[in-house]
Ligand code: SRM
Ligand SMILES: Cc1cc2nc3c(=O)[nH]c(=O)nc-3n(C[C@H](O)[C@H](O)[C@H](O)COP(=O)(O)OP(=O)(O)OC[C@H]3O[C@@H](n4cnc5c(N)ncnc54)[C@H](O)[C@@H]3O)c2cc1C
Ligand code: SF4
Ligand code: FES
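Protein chains in written order, with the working numbering: chain S, 112 to 217; chain A, 190 to 998.
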């Protein structure tokens, strides 16, 4: 597995996403309140726009989530599965912190 | 103790075993399945390609059942009452259930062995691998599944073709007219359609690599991946070889109790031939499973056929069919421009609904399907208009969920007797909505109409209403979301409570909306201080108080729009909107605007929008007061004021009302003696004319009354409640409002005045403040690891000399 560093961990605000361009792919990276990191594809499958990194981060029944900024469908940050519409999911990518840098793998 | 053996572990076997367990069957249950995993949600198989994992799709094995996976049953010894598996094991049974499902039909054309099918997770794995090195793919079969498969190929990055034998797509669900409209939608997705064409050969090179599909007319469709989706064949080979009765064209013959020609053997699901029919949908298969369980446990349930209504599951293309596909009379609604085709079939006396076809707008599927076989709930032509049907009252016995055979009455019972207040609750109680999901809008409607006391809790994180939270924040002097949710809520919030709390904090404290933790609470638009458009770009609306603007400022707007290549439009609010800015361009655009003296127009915020004006007494021969002057004063006073929903206002210089003040949250009309103040008007979804709150006010009295009106609204309204609905739900109505804000009946006016004083004293332009803060500015990038790189997914074309977004699909 190859890891691409994207930014310092401190650059990520809790519960706000950023988008990184990794090998031509748009990856939305989120830091949740407890400090954990999650990475999803940035493409909102409902609208076809690359915007998921700009959604509101929260929880649903304890599971960390992001709501698409366009039409508010909620996705699990853990599995990428849409919790509002069955059968829709976005890819999730491995993400980690190494030496204070956030790294993702696509 | 009795032993049940189930052959095949697909969705039907799963429903059967689950029902046996839940009904308290106390014998031994063994399920033998050929696939390497327990049953999974085949209906949502396609989501596997977009990231849903096999585990997520797989159902939990019901407690107590024994499973043998990756095991094929090769024979049944009906005399000895046992089955034999591929590895030679023997499994004795008292009752045997065949749930062997069906297999995709692959026509015997040369080269067919190089093609794929679309049925299992393994099939999709194979397609995924093949698609990696392919540029084009073709799906044979333009039915429901074929279209789903073709769109999946497209999503895998291939140019996708569909070859369909019939003259139009989905011939089993739509007629020729619908087919023509459907073709347009499918082509708009980027798929190419070859209708009326068969397959002569799948052409491959020496290594067995597919190069194309040869049509009977001799033309070759280039493709490196070919998928067959040309129908299904019941898997009756086991039944056949053990001498059970099978149908002429396949399928294990069963009676209405799902019993085969052997009294110890049942067959359910797609392998069963019930009443001469094979049912290729989960709804009827589940019903069969439930009937078989009832019989096994001594009941007398029967399977009487089932609704075969279906809806296509492709994002963006609505196609559905319900009930019959013909009838004595039919009514068609057709809009070729909008790509909509809807048809209803009706009995010869024009009284009974028989069925319908919808393309481009599937709403009748949800609203009218339950009326099939029943009296038409309204005139057919009315039912075909979009949105019609939403207000229909369903009879209790009308089926709302065909996948799980749930009727309106069952849902109403769940609401009334089990205290269910939301859709997840209905799903848990009745199973409705848990399979294909197409009935969920109907469930919502039943909930809304049931009139149950819907909890006023904001969301799962707060049990309080917005007004209660407002008081908590105010009285306990809470300044952060984290403190509020830790002390008064649970979890970490969501897209409902976070913006609501952000708005409360802003109304009460008026700090910068992007400061510290507040940045993570803001709704889509506030988060970047601009309005997000459909392609992820933003629009920019500088404030133009009262709609008055100098030529110099107009020129600056023109220059900025030109230099950044933005689309420019005059809004309905007397100002100018600049569209198509990338997130990384917003700071540069605003630097130019702020330098020229512009401020944020808060077009993105739940805040004051515009105070429109008419030209008034300065120029107009009828004007009795300076409406422009007052509009500007009001807009400057209330700019930046965050509220439960947006606030709009207007000032007209006389009763001719050219500024349309009575359609605003607060509108002012000049009189000879001063101003009349109207409140709670609304355009929008549900227009309402504003009510006269007070007449002939002096400017000073007017402003004090508006101050209090706004603050009282901000304090007590629900989230996203405009002043119009707020006033209508306010007990005591307009008279009560007058008492509170003009006679101070609650003794809160000093408080309200102080709050507005605080707002006006602390207002600062949030764009100017953002430009001065490098930390905030650093968030305005498309990519955190490549700040200078523009988002390559954003593409425009030209229309009427300006840009217009091009969507990838
Ligand atoms: C730009 C504009 C249309 C235009 O090109 O003229 C517009 C555009 C939008 N309107 Fe509007 N409305 C615009 C004037 C209006 C008007 C007319 C007016 O203000 O005189 C109305 C009816 C009056 C009223 O609000 O009572 C109007 C009623 C709505 C509604 C329905 C509100 C309601 O109470 O039912 C929404 C939806 C909502 O807010 O929930 C909405 C929402 C929107 C949103 C914000 C939709 C969205 O969430 O993306 C649009 C985005 C604006 C953007 O991207 O810049 N817009 N909208 C107008 C901006 C005016 C301005 O300068 O700020
Ligand atoms: C992509 C896709 C989308 C679909 N979408 C919808 C939809 O939106 N709505 C809808 O209603 N339906 C839909 N369907 C159809 C639905 O999936 C089927 O109706 C359902 O799967 C039938 O279930 P079943 O258990 O009867 O058969 P199957 O799912 O075929 O399961 C039978 C199982 O038995 C196994 N088996 C067969 N013979 C043996 C043997 N001798 N020994 C051991 N195991 C054996 C098979 O391997 C298989 O696992 C869709 C199907 C697909 C493929
Ligand atoms: S409302 Fe009256 S003052 Fe204003 S422009 Fe119209 S006619 Fe003139
Ligand atoms: S109709 Fe399919 S889940 Fe209800």
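For every residue, glycine included, the Cβ atom is placed at its ideal position computed from N, Cα and C.
For residue 214/S, the number of other beta carbons within 10 angstroms of its own is at least 16, and it is reported as buried. Cβ-Cβ distances below 6 Å link residue 523/A to 530 in the same chain, with the five nearest sequence neighbours on each side left out; the list follows chain order. Contact of residue 688/A with chain S is assigned, a C-beta pair being separated by under 9 Å. DSSP lists 291/A as the bridge partner or partners of residue 423/A. Relative to the non-hydrogen atoms of ligand 2, the Cβ of residue 337/A comes within a distance shorter than 8 Å of at least one. No Cβ-Cβ contact shorter than 9 Å links residue 290/A with residue 452/A. Counting the other Cβ atoms within 10 Å of the Cβ of residue 237/A gives 16 or more, which makes it buried. Nearest to residue 990/A by C-alpha distance, out of 321/A, 492/A, 754/A, is 754/A. For the segment 193–213 of chain S, residues whose beta-carbon sits nearer than 8 Å to a beta-carbon of chain A comprise 196, 197, 198, 199, 200, 201, 202, 203.
Between residue 717/A and chain S, the shortest Cβ-Cβ separation is below 9 Å. For residue 469/A, the shortest separation between its Cβ and any heavy atom of ligand 2 lies below 8 Å.
Using a 10 angstroms sphere on the CB of residue 357/A, the tally of other CB atoms reaches 16 or more, which defines it as buried. Set against 8 Å, the gap from the CB of residue 291/A to the closest heavy atom of ligand 2 is smaller.
Close partners of residue 236/A in chain S (Cβ separation under 7 Å): 198, 199, 200. For residue 276/A and residue 285/A, the gap between their C-alpha atoms comes out near 19 Å. C-alpha of residue 414/A to C-alpha of residue 784/A: approximately 58 Å in a straight line.
Contact check between the segment 689–709 of chain A and the segment 662–675 of chain A: three or more CB pairs, one atom from each, fall below 8 Å, which counts as touching. Under the Cβ distance rule, residue 121/S does not count among the residues neighbouring chain A, no pair being separated by less than 9 Å. Just measuring C-alpha positions, the residue of 559/A, 606/A, 348/A, 947/A sitting nearest residue 590/A is 559/A. Under DSSP, the beta-bridge partners assigned to residue 136/S are 133/S.
The DSSP-derived three-state label of residue 167/S is strand. When Cβ pairs closer than 8 Å are counted between the two stretches, the segment 799–808 of chain A is seen not to touch the segment 721–728 of chain A, the count staying below three. Residue-level contact by beta carbon holds for residue 974/A and chain S, with a gap shorter than 9 Å. Interface flag for residue 988/A against chain S is unset, since no Cβ pair is found closer than 9 Å. If you check each beta-carbon in the segment 289–317 of chain A against every beta-carbon of chain S, none falls closer than 9 Å. Cβ contact annotation for residue 319/A (same chain, cutoff 6 Å, sequence separation greater than five): 414, in chain order. Leaving aside the five residues that flank residue 854/A on each side, the residues in its chain whose CB is nearer than 6 Å to its CB run, in chain order, 836, 837, 912.
The beta-carbon distance between residue 766/A and residue 730/A, rounded to whole angstroms, is 5 Å. This is short enough to meet the 8 Å contact definition. With a cut-off of 8 Å on Cβ pairs, the segment 648–660 of chain A is in contact with the segment 899–910 of chain A, counting three or more such pairs. Distance from the CA of residue 950/A to the CA of residue 942/A, rounded to the nearest whole angstrom, comes to 12 Å.
Shown here, residue 885/A sits in a strand according to DSSP, grouped into three states.
Around the CB of residue 801/A, 16 or more other CB atoms lie within 10 Å, so the residue is classed as buried. Among the CB atoms of chain S, one or more fall inside 9 Å of the CB of residue 724/A.
Closest option to residue 829/A, judged by alpha-carbon separation, among 732/A, 839/A, 866/A: 732/A. Excluding the 5 residues flanking it on each side, residue 525/A has no same chain C-beta neighbour closer than 6 Å. Taking 8 Å as the cut-off, one finds at least one heavy atom of ligand 2 near enough to the beta carbon of residue 308/A.
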